[in-house]
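Using UniProt numbering, read the sequence shown as starting at 1 and increasing by one per residue. Beta carbons: idealized from backbone N, C-alpha and C, even for Gly. Input: a single structure, listed below in structure tokens.
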Amino acid sequence: MSAPKIAIVYYSMYGHILKLADTMSATLTKAGCSVKTLQVQETLPENVLEMMHAPPKADHPIATPEDLVEADGVLFGIPTRFGMAPAQMKAFMDMTGQLWGQQKLLGKPAGIFFSTASMGGGQETTALTFVTQLTHHGMVFVPLGFPHPGQSNLDEVHGGSAYGAGTLAGGDGSRMPSELELSIAEMQATNFAKIVKKLAAKDEE
Ligand SMILES: Cc1cc2nc3c(=O)[nH]c(=O)nc-3n(C[C@H](O)[C@H](O)[C@H](O)COP(=O)(O)O)c2cc1C
Numbered sequence: 001m002s003a004p005k006i007a008i009v010y011y012s013m014y015g016h017i018l019k020l021a022d023t024m025s026a027t028l029t030k031a032g033c034s035v036k037t038l039q040v041q042e043t044l045p046e047n048v049l050e051m052m053h054a055p056p057k058a059d060h061p062i063a064t065p066e067d068l069v070e071a072d073g074v075l076f077g078i079p080t081r082f083g084m085a086p087a088q089m090k091a092f093m094d095m096t097g098q099l100w101g102q103q104k105l106l107g108k109p110a111g112i113f114f115s116t117a118s119m120g121g122g123q124e125t126t127a128l129t130f131v132t133q134l135t136h137h138g139m140v141f142v143p144l145g146f147p148h149p150g151q152s153n154l155d156e157v158h159g160g161s162a163y164g165a166g167t168l169a170g171g172d173g174s175r176m177p178s179e180l181e182l183s184i185a186e187m188q189a190t191n192f193a194k195i196v197k198k199l200a201a202k203d204e205e
């Protein structure tokens, strides 16, 4: 079969989700996938972004609903806002009504990774509340599970859970993803690619 096409669709204000997205993209490319890393459109006005000390965006292209259709699998990168996905990500999903009408995403595998400021800040609620978006489209949620021994490491503070890879940004955003968090993200990407490949091969049968 041809190389499985994976879209990484993310929002990142301060670069934490961006770092996880780029890491997963590199892993997927190494595994022979064709990867598109795409950011959703910013919806906040420039003056608000300035007040929030948001740095300039990365140069990844802006995601369109068609990108979801073209991909064999989609990984969504989501920084937590009050325990759930930011409005920017929801605004993107709200553009997919036509795809829903045509059932274009039915059966497509999707994974989620996330970032919070703190432990208990909503990593799992962010993933779980985003599952409604996938479910209404009939997408197949592919969780991470617990395949990485480091997920149970209690000696070191780290993000992520059975729902997906994650990082803890710190209250002031100064903590970047740790080696452990990046290695869990790599494992999520690797395992996700295996499932996408299996499902894409079945589709071709
Ligand atoms: C309006 C707003 C709400 C937030 N809500 C939460 C929250 O509920 N829990 C939490 O731990 N962090 C929260 N944060 C912190 C963000 O999750 C954090 O900045 C983000 O994960 C960093 O990822 P990024 O650099 O990719 O944007 C919030 C940040 C903002 C601006």
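- Residue environment analysis places residue 52 among the exposed positions, since fewer than 16 neighbouring C-beta atoms fall within 10 angstroms of its C-beta.
- Remark: the shortest separation between the CB of residue 174 and any heavy atom of ligand 1 does not fall under 6 Å.
- With a threshold of 6 Å, the Cβ atom of residue 83 counts as near ligand 1, since some heavy atom of the ligand is closer than that.
- Between residue 119 and residue 168 a beta carbon distance of about 6 Å is seen, short of the 8 Å cut, so the two are scored as contacting.
- As computed with DSSP, residue 11 is found in no beta bridge at all.
- With 16 or more other Cβ atoms from the protein chains shown falling within 10 Å of its own Cβ, residue 12 counts as buried.
- At a cut-off of 4 residues, the continuous stretches assigned as alpha helix (DSSP H) that sit fully inside the segment 91-124 are 97-101.
- If you compare the alpha carbons of 105, 195, 117, 190 with that of residue 28, the shortest gap goes to 190.
- Where residue 76 is concerned, the enclosing beta strand (DSSP E) starts and stops at 73-79.
- Shown here for residue 175: same chain residues with a beta carbon closer than 7 Å to its own, the five before and five after excluded, namely 168, 169 in chain order.
- One thing to note: residue 83 has its Cβ no nearer than 7 Å to the Cβ of residue 117.
- An exposed status is given to residue 45, since fewer than 16 other beta-carbon atoms sit within 10 Å of its beta-carbon.
- Residue 17 has its Cβ nearer than 6 Å to a heavy atom of ligand 1.
- Between residue 65 and residue 37, the C-beta gap is not smaller than 7 Å, which leaves the two residues out of contact.
- Under the criterion of beta carbons closer than 8 Å, residue 18 and residue 63 do not qualify as touching, at roughly 14 Å.
- Here the alpha carbons of residue 155 and residue 128 stand approximately 26 Å from one another.
- Cα atoms of residue 34 and residue 3: separation of roughly 6 Å, rounded to the nearest angstrom.
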